[in-house]
Structure formats: C-alpha cells, structure tokens
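Going letter by letter, the sequence shown gives residues 8 to 147 in the working numbering.
Quick reminder that beta carbons are idealized off the backbone N, C-alpha and C, glycines included.
The structure appears right after this line, and notes come after that.
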Amino acid sequence: MTVETTLSIIKPDAVAAGNIGAILQMISDAGLKIKAMKMVQMSQKEAEGFYAVHKERPFFGELVEFMTSGPAVVSILEGENAIARYRELMGATNPEQAEEGTIRKNFATNIQNNAVHGSDAPETAAVETAYFFSSIEQVN
Ligand code: CMP
C-alpha cells in the first residue's frame, strides 16, 4: 500500500444544503487525514480550468455554471490508498447507482449536483491538489 493524497471538493449543492459537517465527519470516520482545507468561490475561468478534461462534453457549460453557483470546500486528503478509498466513500457519480452509506447516496441530488468530487488517479490528484493549494498551505 502507498500513502497517497487526493483532492476533495464539497460542491456548491452540498455546501448550500448545510452538509459540510456531515461530509467531513464521514471523511474522518473513514480514516482519511485532512492535510489542507479552504472554502472557495470559483470563477468561471477557475471552474473551466479545473474541469478542462471535460470541455468537449455536452454537460460542460452546465457543470461550470453549477460549480460557480456558490462556495465549495476544497481539501487535500491523505492516507494509504486514499484515491480509491475516497472514491469508494463518495459512491458512483450518478447517485441513483451509489451504494448505501456513501456520500453521494446520502447527499447527492443528481448526476451533476452530486455533492462531492475526488481525484481519479495519482496523476490527476497531483494536478488537482496543486490547482488549489500551494505547498505551504499543506500541513506535514
Ligand atoms: P465529478 O466527479 O466532479 O467529475 C465531473 C463532473 O461532471 C461530475 O462529477 C458531475 O458533477 C458532472 N457530470 C458527470 N457526468 C455528467 C452527466 N452525464 N451529466 C451532467 N453532469 C455530469
């Protein structure tokens, strides 16, 4: 097992619904350690840059609109196998397919307004954590 870091976003739907605390509790209960955290209000450019890999998708415009609709909470999570463990804790992208006990089963509304984001691989985790945090914003 390797110790990994991954980027988590508590998205604007979950923040607006008052679910920051409940989601952080689930992250903590899963044994993932928070190395950095802040609340951000993304601009259109910032959201477009973050989701650049999806820019050809039909849902891109709506996704950017959603991600800029209100504050989000970004954090860096660390732990053994943290990328896969956080994705398991989040549940499927579409909450209709998410397992019981997952964040998206509990808090997501639909495939777009799905409460949380987590990096999908070590390479994307490195890019995504650096997108929001400088090295001095991360605790050792
Ligand atoms: P996330 O895991 O952050 O990665 C890309 C995001 O795009 C995804 O969560 C959803 O918020 C959104 N998304 C993915 N697929 C769709 C879709 N088919 N329709 C609308 N939004 C989507």
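Neighbourhood of N88 by C-beta, 8 angstroms cutoff - its chain only, sequence neighbours within 5 removed: M8, T9, E11
Three or more C-beta pairs below 8 angstroms linking the stretch 42-58 and the stretch 78-96: yes
Cβ-heavy atom distance, N26 to ligand 1, below 7 angstroms: no
T100 beta carbon near ligand 1 (any heavy atom closer than 7 angstroms): yes
R94 to G77 span [Cα, whole Å]: 23 angstroms
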